[in-house]
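A short worksheet on the structure shown next.
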Amino acid sequence: MPVIHKEENSEYRWGIWQIEESESELLRDLPSDEDLRNSLATIKVFNRKIESIATRALLKYLASDAGVRYNGIWKDKHGKPFLIDEKTHISISHSYPYAAAMLNLNDPVGIDLEHYNKKILKLETKFMSEQEIFDSNKDPGKMILVWAAKEALYKSYGRKNLSFKDNIEILPFEMLKEGILKSKVKRHDEVRFYELEYKLFPDFVVCYTL
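Each residue of the sequence shown is one higher than the one before, counting from 402 in our numbering.
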C-alpha cells in the first residue's frame with residue numbers, strides 16, 4: 402500500500418498516497434458511489450482521473466483506520482465533499498503522482514498538496530496581498546506555501562465566491578521545514594481566525610487546517 406506519510410491525533414488523521422497502481426487496481430475495493438461514477442465519466446485526462454480515484458482510496462484507508470465507515474463521498478452545492486452517511490469531516494487534494502486526504506471527527510477541515518513551481522512568481526498579484534508579497538520576498542517556495550494555505554482554508558470554509566487575494570490573509574511567518582501558520586478569512590462583516598500546519602517534502606508542500 403503506497404501510503405508514504407500518515408499523521409494522526411485524537412481528532413484527525415491525514416496521509417499522502419504515492420500513486421503507483423493502475424485504475425482498475427485502485428477501483429477494486431471502492432464502492433461505486435454517484436460522485437465517483439460521474440468523475441469517471443467526465444474526467445478524460447488520465448492523471449486527473451487516477452488522482453481522483455486515489456484520493457478516495459486514501460480516504461477509505463484513513464476512515465477504516467479511524468473506525469469510520471466509508472460508503473463513498475457526496476458533494477454539496479459548493480463542491481465541498483462529505484462521507485456518505487457519516488458526520489466525519491473530510492478534505493482531499495491531489496497533484497500527480499500524489500494524493501492527500503484528511504478526516505476530522507469533529508470540525509470542518511481543509512488540506513492541500515502543491516508541487517514546487519517557479520511559475521507561481523507570475524501569479525503573485527492574483528492571489529497575494531501586498532503584505533503577503535512583501536513577506537514572501539520573491540521566494541517561490543514561500544509563495545507555494547501561501548497558495549496551499551489559502552487552498553486549505555478555502556476548502557475548510559466550504560463556500561464559493563471567496564477571493565484568495567481579498568478574503569483570505571496569511572499573516573507573516575518564517576518558513577521552516579514544518580510549522581504553524583496564522584491566518585484569517587474576511588467575508589462581508591465576518592472575520593474568522595485559523596491556524597494551519599504545514600510540512601515541506603522534497604517535491605511538494607502539504608498544508609492543512611487545525
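C-beta atoms are modelled at their ideal positions from N, C-alpha and C, and glycine is treated no differently. Being a predicted model, the structure only gives us computed values, none of them experimental.
(request) Would you be able to state if there are at least three C-beta pairs under 8 Å between the segment 511 to 530 and the segment 574 to 590? (result) Segments in contact, no.
(message) Please report the straight-line C-alpha distance between L504 and I417, rounded to a whole angstrom.
(response) For L504 and I417, the distance between alpha carbons rounds to 12 Å.
(message) Using a Cβ-Cβ cutoff of less than 7 Å, which residues in the same chain neighbour L601 once the five nearest sequence positions on both sides are dropped?
(response) Non-local C-beta neighbours of L601 in its own chain, meaning closer than 7 Å and more than five positions away in sequence, comprise K578, E579, ordered along the chain.
(request) Kindly indicate the opening and closing residues of the beta strand (DSSP E) around A501. (result) Residues 499 to 505.
(request) Take N568 and list the residues in its own chain whose beta-carbon comes closer than 8 Å to its own, dropping the five residues that flank it on each side. (result) Only V586, K587, R588 meet the Cβ criterion.
(message) Going by DSSP, what residue range makes up the alpha helix (DSSP H) through L546?
(response) Boundaries of the alpha helix (DSSP H) around L546: 541 to 558.
(request) Starting from D466, follow the alpha helix (DSSP H) in both directions and report where the run begins and ends. (result) Note, D466: alpha helix (DSSP H), 447 to 466.
(request) Kindly list the residues whose CB is nearer than 6 Å to the CB of L431, restricted to its own chain and excluding five residues on each side of it in sequence; keep chain order. (result) For L431, where only same-chain residues beyond five positions count, the Cβ hits under 6 Å are R457.
(request) Starting from the Cα of K566, find the closest Cα among Y558, E424, V547, W475 and give me that residue. (result) With distances taken between CA atoms, K566 lies nearest to V547 out of Y558, E424, V547, W475.
(message) With a threshold of 7 Å on Cβ separation, who are the neighbours of Y558 within its own chain once the five nearest residues in sequence on each side are excluded?
(response) Excluding residues within five positions, the ones whose Cβ falls inside 7 Å are V586.
(request) State the beta-bridge partners of S564 as determined by DSSP. (result) Answer by DSSP bridge pairing: none, since S564 is not bridged.
(request) Could you say which of K488, A553, K481 lies nearest to G468 if we only look at CA atoms? (result) Of the listed residues, the one whose Cα sits closest to G468 is K488.
(request) Mind reading off the beta-carbon distance from E596 to K583? Whole number of angstroms is fine, and I expect it under 8 Å. (result) Between K583 and E596 the Cβ distance is about 6 Å, and since that is below 8 Å, they are a contact.
(message) Could you tell me the alpha carbon to alpha carbon distance between R470 and A502, rounded to whole angstroms?
(response) Computed Cα separation, rounded: 15 Å.
(request) Could you please give the first and the last residue of the uninterrupted alpha helix (DSSP H) stretch that includes E424? (result) For E424, the uninterrupted alpha helix (DSSP H) run begins and ends at 424 to 428, by DSSP.
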